[in-house]
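Take the sequence shown: its letter number 78 is residue 121 in this note's numbering, and every next letter is one higher. We treat Cβ as the ideally placed atom computed from N, Cα and C, and that holds for glycine. Accompanying notes for the structure given below.
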Amino acid sequence: MDIQFCGAARSVTGSQHLIRINGQKLLLDCGLFQGRRQEAFERNRTFPFDPASVDAMILSHAHIDHSGNIPNLVKQGFKGTIYCSEPTVDLCSVMLQDSAFIQMRDAEHVNYKREKKDEPPIEPIYDIEDAQQAMRHFLGIGYGQAFEPLPGVRATLYNAGHMFGSAMILLEITHNGRKVRFGFTGDLGR
44 MDIQFCGAAR
54 SVTGSQHLIR
64 INGQKLLLDC
74 GLFQGRRQEA
84 FERNRTFPFD
94 PASVDAMILS
104 HAHIDHSGNI
114 PNLVKQGFKG
124 TIYCSEPTVD
134 LCSVMLQDSA
144 FIQMRDAEHV
154 NYKREKKDEP
164 PIEPIYDIED
174 AQQAMRHFLG
184 IGYGQAFEPL
194 PGVRATLYNA
204 GHMFGSAMIL
214 LEITHNGRKV
224 RFGFTGDLGR
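As structure tokens, this is what we get:
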């Protein structure tokens, strides 16, 4: 078992944490990095792992720095289930489409400037259709209700008190005959 911190390790935004367990991959959060336009664009466009190789994902809450790159994850080949609280499913259905709209408008603005310099246009990281496609992967889970996102991994969501639907994630992992408990808070409290 190992953990790769792909975002929000030396900055506040872009929460993405990949856990390799028993030959499978579980992603905790998939947020957008927010910062200077060019740096954010480059960091959000690609992942430090192959999205198609991720087996499942658990989302702590709907804020864009935790959920905002999910449409891009799905666009790049993720096929698994995205587990989160039921309110987070509802919030993401609106917030990810809003984020897509912002991505599209931002690309229009950048392309307007690029056209004046005879530079090729850029594509938005994702669009509204990508956001809608991503929502098909979501599965709402109640607080305190244990579920199995991967074989040998039991997960339970607890209220994190950060925003409506936010969750702390408790993972109980059986790995090489040992039981390991791993807690992930996402954002905690206000």
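Beyond the five residues adjoining it in sequence on each side, residue 191 comes within less than 8 Å, by CB distance, of 197, 198 in the same chain, given in chain order. Cβ atoms of residue 97 and residue 68 come within 8 Å of each other, at about 5 Å. The beta carbon of residue 95 sits closer than 8 Å to those of 119, 120, 121, 122, all from its chain and outside the five residues before and after it, given in chain order.
Look at the beta carbons and you see the stretch 62-78 touching the stretch 97-114: at least three pairs across the two are nearer than 8 Å.
About 6 Å separates the beta carbons of residue 124 and residue 99, which is inside the 8 Å limit, making them a contact pair.
For residue 181, the CB contacts under 6 Å within the same chain, skipping 5 residues up- and downstream, are 125, 132 in chain order.
Looking from the CA of residue 102, the closest CA among 148, 84, 57 belongs to 57. Checking the DSSP bridge columns, you'll see residue 170 has no partner listed. Taking C-alpha positions only, residue 113 is separated from residue 164 by approximately 23 Å.
Within 10 angstroms of the beta-carbon of residue 115 lie 16 or more other beta-carbons, which makes it buried. The distance from the Cβ of residue 229 to that of residue 203 is about 6 Å, consistent with a contact at the 8 Å cut-off. When the beta-carbon positions are compared, residue 64 and residue 212 stay at least 7 Å from each other. Fully enclosed beta strand (DSSP E) runs of no fewer than 3 residues occupy 124-128, 181-184 of the stretch 112-184, in order along the chain.
In this structure, residue 143 sits near residue 169, with a CB-CB distance shorter than 7 Å. With respect to the C-alpha of residue 140, the residue from 173, 129, 227 having the closest C-alpha is 173. DSSP places residue 106 in the coil class of the three-state scheme, outside both helix and strand.
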